[in-house]
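For the sequence shown, the working numbering assigns the number 5 to the initial residue and increments by one for each residue that follows. Cβ atoms here follow ideal geometry from the backbone N, Cα and C, with glycine treated the same way. Since the structure comes first, as structure tokens, the remarks are kept for the end.
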Amino acid sequence: SMFAVFVLSAFCRGNSGESTNRVSIEIGSAGGSLSLGDVEVEVSESTLEDTTTLSIEKSSEAPDGVVGDSYEFQPDDVVFDPPITIRFSFDSGAVVSSRLAIVSLDGGQWIELESVVDVESRTVSTEVTRLSTFALIAQDVVVDGDADSDGDGDGDGDGDADGDADGDGDGDADGDADG
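Okay, structure coming up:
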């Protein structure tokens, strides 16, 4: 396990650069973390009773709208209790007009996970009980913007409707007078 710790510290210093496609570490009851590229997994203390080897590997599977790389996490047969944290970093400039979310590959389908975006630290994180292949996606939110402006338009519409109602009222009154 000393070797695994050394590998992790070397990676944290960035010596391995972007050429690394796979990293692993042994994590026991003390907890720990492992990162590769722009993703990190964090296991809190007392989550694992037995020492377990966690690994992250760049994956060729990619969802629509992926930001950066997809990553396959192992082992995929361990249930983590309490949940562990998967955290992606992102470049704020690239995704300023997007909604960010972490997705998980489940039976050939990408499932969106409940994700927390931290604009200050430029990270998106989620908590999971099982490892799988994870990716960060950016979804265009222009549609939501249009919906909001349409809402304002409806407000103006109500004003017009009131005007019409007054006009009808006058018409009825005139009609009664003529009668």
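According to DSSP, residue i sits in a beta bridge with which residue or residues?
i, result
"residue 120", "129"
"residue 85", "Beta-bridge pairing links residue 85 to no other residue."
"residue 103", "143"
"residue 110", "113"
"residue 46", "37 and 89"
What are the start and end residues of the beta strand (DSSP E) that includes residue i?
i, result
"residue 38", "36–40"
"residue 139", "137–144"
"residue 26", "26–31"
"residue 59", "56–63"
"residue 72", "70–78"
What's the gap between the Cα of residue i and the Cα of residue j?
i, j, result
"residue 55", "residue 119", "28 Å"
"residue 104", "residue 50", "30 Å"
"residue 34", "residue 143", "37 Å"
"residue 30", "residue 43", "17 Å"
"residue 156", "residue 123", "Summary for residue 156: the model assigns pLDDT 39, below 50, so the residue's position carries little reliability; its value from the coordinates is reported in the next sentence. Going by the C-alpha atoms only, they are around 28 Å apart."
"residue 141", "residue 113", "14 Å"
"residue 53", "residue 59", "18 Å"
"residue 126", "residue 81", "30 Å"
"residue 67", "residue 111", "13 Å"
"residue 28", "residue 70", "24 Å"
"residue 24", "residue 116", "27 Å"
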